[in-house]
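What follows is a set of notes on a single structure, which appears directly below.
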Amino acid sequence: HGGSKHWSYADKARWASAFPHCGGHMQSPINIDTASTHFDPQLGPLLLSDSNLPPGESLSLRNNGHTIVLELPENMTVAGGGFPQPYRAAQLHLHWGSKLSPGSEHTVDQRRYAGEIHVVFYNSRFRTIAEAAGERGGLAVLAAFLQVGSEENEAYEDILEHLNDIPEEGGSTSVEGFDIAKLLPESLDRYFRYNGSLTTPPCYQTVNWTVFNETVLLSPEQISDLEDTLWDDQDGHLQSNFRLPQSLHGRKVLASFP
Ligand SMILES: NS(=O)(=O)c1c(F)c(F)c(SCCc2ccc(C(=O)O)cc2)c(F)c1NC1CCCCCCC1
Ligand SMILES: [Zn+2]
């Protein structure tokens with residue numbers, strides 16, 4: 630992944646020179662202007678299967694210098710939601726900000742949330758994610774906004790309690806299986822949908838994006854754990870790992886709700 634060439638969020642203006650797709654016309658993230666979205670009744674609820682991973686199953690959690698990545702079993706799938714075929718789970722990772730400013734990737738009516746979870750899937754008609762990542766409709770990412778609430782979020786704690794094991798880039802640890810669905814909003818039937826890209830190099834324009842309308846609440850301590858515990862590959866705090874909104878270039882954003 631990530632290619633051999635080095636990149637960082639500090640030099641995101643130069644990504645397109647090293648990774649041509651990053652200069653394309655179907656890039657992510659975007660600002661979602663709710664007044665301009667189009668209701669599409671074909672966009673039914675998303676159906677997650679086999680997301681309740683048994684505690685005996687251990688998952689790898691890794692600090693790759695850009696985010697923390699939790700590997701997911703490929704028998705976990707998502708279907709419905711207007712997808713042509715079921716998609717298999719690959720990994721999930723997070724985007725966050727710093728104490729000074731929030732760090733979601735997508736914005737809604739120019740509002741940026743504290744953070745964002747991305748659950749990455751690949752189209753089951755491909756054998757591997759590497760193959761799917763290069764094909765139109767190959768990837769599907771489910772995105773939900775993280776907001777600061779009053780209660781500790783137990784599902785997120787199953788991940789965040791391990792951050793101290795992986796402060797440095799390249800660090801990895803194992804996490805006991807839990808219900809991955811609990812990391813997403815309760816209702817999977819209200820979401821925005823558009824065609825876009827990976828939000829980091831190589832920026833492949835092969836992602837079917839789903840951005841849930843309902844947000845997920847974490848405690849203030851959980852958000853600050855995420856902001857203050859990890860280091861990137863330049864010996865700086867791993868913070869504000871989000872790309873700025875990209876132009877729609879005429880793309881339509883659909884909504885599963887009126
Ligand atoms: N928002 S996103 O989905 O575009 C995204 C990011 F914003 C990301 F920041 C990332 S992490 C950066 C890419 C990367 C770097 C190193 C390693 C490794 O050492 O294992 C792995 C990956 C990241 F991994 C992803 N998603 C990956 C994109 C890279 C490969 C394609 C398939 C998995 C999805
Ligand atoms: Zn992401």
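Here this note's numbering is used: the first residue of the sequence shown is 630, the next is one more, and so on. Just so it is clear, CB atoms sit at the ideal spot from N, CA and C, and this is done for glycine as well. Please read these numbers as outputs of a predicted model, since none were measured by experiment.
Secondary structure, beta strand (DSSP E): runs of 3+ residues fully inside the segment 675-748:
675-678, 687-692, 697-700, 706-709, 716-725
Quick check: what's the CA-CA separation for Ser733 versus Phe821?
15 angstroms
Pull the bridge partners of Gly825 from the DSSP assignment, please.
Val836
Might you give, ordered along the chain, the residues of its own chain that have their beta carbon closer than 8 angstroms to the beta carbon of Arg872, omitting 5 neighbours on each side?
Tyr638, Lys641, Ser657, Pro658, Glu734, Thr828, Thr829
Helix, strand or coil: how does DSSP classify Glu798 here?
coil
For Asn693 and His630, the rounded distance between their alpha carbons
Residue placement at His630 cannot be trusted, given a pLDDT of 44 that sits under 50; what the coordinates show is reported in the next sentence. Going from the Cα of His630 to the Cα of Asn693 covers about 10 angstroms.
Restricting to runs no shorter than 4 residues, where is the alpha helix (DSSP H) found entirely within the segment 644-671?
644-647
Measure the alpha-carbon distance for Asp679 versus Ile746 and round it to whole angstroms.
19 angstroms
Based on Cα-Cα distance, which residue from Ser826, Lys728, Ala772, Arg741 lies nearest to Asp857?
Lys728
Go ahead and pull the three-state DSSP assignment for Gly631.
Any reading at Gly631 must be qualified, since the residue scores a pLDDT of 45, below 50, and its modelled position is unreliable; no value is offered.
Round the Cβ separation of Gly806 and Gly685 to the nearest angstrom and send it over; I've been treating them as touching at under 8 angstroms.
7 angstroms
I need the straight-line Cα distance from Ser816 to Ile809, nearest angstrom please.
14 angstroms
Going along the chain, which residues of its own chain have a beta-carbon closer than 6 angstroms to the beta-carbon of Arg754, five neighbours each way excluded?
Gln714
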